[in-house]
Amino acid sequence: LSYSTSSSSRASNLRVHFKNTRETAQAIKGMHIWKATKNVKAVTLKKQCVPFLRYNGGVGRCAQAKLWGWTQGRWLKKRTEFLLHMLKNAERNAELKGLAVDSLVIERTYRAHGRINPYRSSPCLEEKDLSKQKLMARE
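Mapping of the sequence shown onto the numbering used here: position 62 corresponds to residue 64, and the numbering continues sequentially without gaps.
And the structure:
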């Protein structure tokens with residue numbers, strides 16, 4: 003990622019489960035910033051679910067997961083509220099740099115040290131990188 007054409011947002015020691023964080027981050031990866039924000043708000047209102055693709059043991063089935071081509075999903079209110087704040091922060095950072103916010107795409111979603119501790123706490127570090135959408139030339 004180029005520093006001049008990208009923006010990022012970071013949060014650490016989040017008191018959310020890392021498996022839920024991973025699934026939510028994968029759901030919005032590659033989306034435009036406005037579409038991801040709309041998607042996250044729909045999850046908090048239970049209009050759309052977060053599909054659980056990898057860590058899906060014990061996750062119930064829901065009809066809204068069919069939009070993603072999957073059967074299992076959840077509505078993660080706490081996780082999506084954190085994510086919405088991160089998206090807003092990344093958008094503000096992009097505005098501060100003078101980037102066109104409408105053309106930003108969520109490029110990378112990092113998640114680290116999400117191990118399960120004996121007291122059932124799983125703090126996460128998460129980073130969102132936004133970059134300009136690259137236009138592909140058709141042949």
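Glycine included, C-beta positions come from ideal geometry on N, C-alpha and C. None of these values were measured; they are calculated from a predicted model.
Cβ-Cβ distances below 8 Å link K134 to T7, S8, L101, A102, S105, L106, V107 in the same chain, with the five nearest sequence neighbours on each side left out; the list follows chain order. By the C-beta criterion, the stretch 31 to 49 is judged to be in contact with the stretch 77 to 85, since at least 3 inter-stretch pairs fall below 8 Å. Taking A29 as the centre and dropping the five residues before and after it, the same chain places the C-beta of N41, V52, P53, W70 closer than 8 Å to its C-beta, in chain order.
DSSP places L16 within a strand segment (E or B) once states are collapsed to three. Taken in chain order, the unbroken stretches of alpha helix (DSSP H) that lie wholly in the stretch 30 to 96 and span 4 residues or more are 35 to 46. In the three-state reduction of the DSSP assignment, L101 falls in the coil class, being assigned neither a helical nor a strand state.
Distance check between A96 and each of H19, K130, L55, G32 places K130 closest, using alpha-carbon atoms only.
Excluding five sequence positions before and after E93, the CB atoms of its chain that fall closer than 7 Å to its own CB belong to I35, V103, given in chain order. Looking at the backbone, the Cα of N91 and that of S10 are separated by about 8 Å.
According to the DSSP secondary-structure assignment, R110 is paired through a beta bridge with D131.
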